[in-house]
Each structure stands twice: as structure tokens, then as C-alpha cells.
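Student: Under this note's numbering, read the sequence shown as residues 2 to 197, first letter to last.
Okay, here's the structure, questions in a sec.
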Amino acid sequence: MSSNPKHAELSRFQIQTPLGAMEGLCSKSHLHLLAFCGEGKIAHNMTRFPSQQQHNNPIAALVKEQLSAYFDKKTKCLEVPLHFEGTPFQKQIWTTLRTLPWGATVSYSELARQIGRPQATRAVANAVAANPILLFVPCHRVLGEKGKLCGYSGGIENKLQLLGWEEVTSKNALRTSTSTSRVSRLSYISPKITPS
Numbered sequence: 002m003s004s005n006p007k008h009a010e011l012s013r014f015q016i017q018t019p020l021g022a023m024e025g026l027c028s029k030s031h032l033h034l035l036a037f038c039g040e041g042k043i044a045h046n047m048t049r050f051p052s053q054q055q056h057n058n059p060i061a062a063l064v065k066e067q068l069s070a071y072f073d074k075k076t077k078c079l080e081v082p083l084h085f086e087g088t089p090f091q092k093q094i095w096t097t098l099r100t101l102p103w104g105a106t107v108s109y110s111e112l113a114r115q116i117g118r119p120q121a122t123r124a125v126a127n128a129v130a131a132n133p134i135l136l137f138v139p140c141h142r143v144l145g146e147k148g149k150l151c152g153y154s155g156g157i158e159n160k161l162q163l164l165g166w167e168e169v170t171s172k173n174a175l176r177t178s179t180s181t182s183r184v185s186r187l188s189y190i191s192p193k194i195t196p197s
């Protein structure tokens, strides 16, 4: 359990997305965690923080509103104040990922070069994997070399769905023939978000 007194002020919320339920933690001013329910270590980490369900949290309401607009394709930009807990290097990677636009992807090695540390590809991959705030920090847009589809803490099928949703194609990023054909074959669920 976390001993940070600020964690006592966190609210837990859950939303339904076309890709399944997501759970988040937020204060009244920042989003702290967002993960698909039951997927990866991020969802597991939510149990470390004392929190309570709050129905009137302004950040939770904003997250739900923006995700609804995202899945309705009414916005391509998710902007909510975020609070990162991590190393300075992790925070640098997560901040850099926020600049990656809809429909674009980057490889781990390209990301390492962007931050001026071309030899740090493995450290970059570890920082991407530790991203605590899915979608708002779009780590699903990070691919392996030559467009190879790599893991995603929200589940590889969700990564495929998100890349397809954002219309990533072989022309604008996803370069592996196997992955490209899988993305193009996916059928998308009608985008509706319902509050819990």
C-alpha cells in the first residue's frame, strides 16, 4: 500500500469502452492511472493505492468525455492534466509519447534517437511498458523495428484495434505485412462509452 498522503485523495473510476472496461485513478486535478481492467501490471498497481469511488470527480468526468469523443472520432487529441510517478527517464519518455499524433507510429529505436539517447533502446522499451496512463500517453503507437507489432500492457488485440481505429496503415506506419492485414481485417465495435 502506498504511504504517500496524496494517494488518499485519489478517486477510482471505471468506464466502458468499445475495447472493454477501463479503470482509472485520479485526483481532483490530475489523472494518475488508466488501464484496461485486468490487463498488465498497471491494472495490478491500482490495488496499491487507497482510493474510493467518487461520482463527482471533474477529472474522471473529463476523461470519460474525451474518451467518448475519441471513440466517436470527434477528437484525435486527448488532453487531460496528467500526474506521472516514475523516474525522470520514464517521465521523459511518457512526455515525448504525448507528442506523437493520431495515425503516426514510432519505433523504440526512433524514440531513443528523438530523446538524444540512441543506445538506450532497451531502456526506452522498458519505460514504454511501464506507462501508467494508457491512451492519454499513446504507447500503443510504439512499434518494433520495421513496423513489427510488439506487446502492449492493454493487450495485443487492443493495440491492433487502436492502431486500426486511428487508421494506421502500411502507408503511414504499420509496416509488417502480417500486422497490416490483421489491422485491416478487424471489425470495430460501435464506439459508445458508458459511465459505471
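Cβ atoms here follow ideal geometry from the backbone N, Cα and C, with glycine treated the same way.
1. If distances are taken between C-alpha atoms only, which option among Glu167, Trp166, Asn159 comes closest to Gly39?
2. How close, in whole Å, do the beta carbons of Gly117 and Val169 come, if the pair is a contact with beta carbons under 8 Å?
3. Quick one: using the 10 Å Cβ neighbour count with 16 as the cut-off for buried, is Cys140 buried or exposed?
4. So the alpha helix (DSSP H) Arg13 belongs to, where does it begin and stop?
5. Would you grab the beta carbon distance between Gly155 and Leu135 for me? Rounded to a whole angstrom, and I think it's under 8 Å.
6. From which residue to which residue does the alpha helix (DSSP H) around Leu164 run?
7. Runs of 4 residues minimum, wholly inside the stretch 77–138: which ones carry the alpha helix (DSSP H) assignment?
8. Would you identify the three-state DSSP class for Leu34, choosing helix, strand or coil?
9. Cβ atoms of Ala113 and Thr122: under 9 Å apart, would you say?
10. Under the rule that 16 or more other beta-carbon atoms within 10 Å means buried, what is Cys78, buried or exposed?
11. Closer than 7 Å by C-beta to Phe90: which residues in its own chain qualify, once you throw out the five before and the five after it? Chain order, please.
12. Quick one: residues in its chain with C-beta nearer than 7 Å to the C-beta of Gln93, no 5 flanking neighbours on either side, listed in chain order?
13. Cα-Cα, which of Glu86, Ser110, Gln120, Leu163 is closest to Glu146?
14. Using a threshold of 9 Å, state whether the C-beta atoms of Trp95 and Val143 are closer than that.
15. Closer than 7 Å by C-beta to His31: which residues in its own chain qualify, once you throw out the five before and the five after it? Chain order, please.
16. Just to confirm the assignment, what range does the alpha helix (DSSP H) spanning Glu66 have?
Tutor: Straight from the coordinates:
1. Asn159
2. Not really, about 26 Å apart at Cβ, beyond 8 Å.
3. buried
4. Segment 12–18 is the beta strand (DSSP E) holding Arg13; no alpha helix (DSSP H) there.
5. 5 Å
6. 157–166
7. As far as the stretch 77–138 is concerned, its whole alpha helix (DSSP H) runs of at least 4 residues are 89–98, 109–115, 122–130.
8. strand
9. yes
10. exposed
11. Ala124, Ala128
12. Once the five neighbours on either side are set aside, the close Cβ partners of Gln93 are Ile116.
13. Ser110
14. no
15. Counting only residues of its own chain and dropping the five nearest sequence neighbours on each side, His31 has a CB closer than 7 Å to the CB of Ile60, Pro82, Leu83, His84.
16. Run containing Glu66: 59–72, per the alpha helix (DSSP H) assignment.
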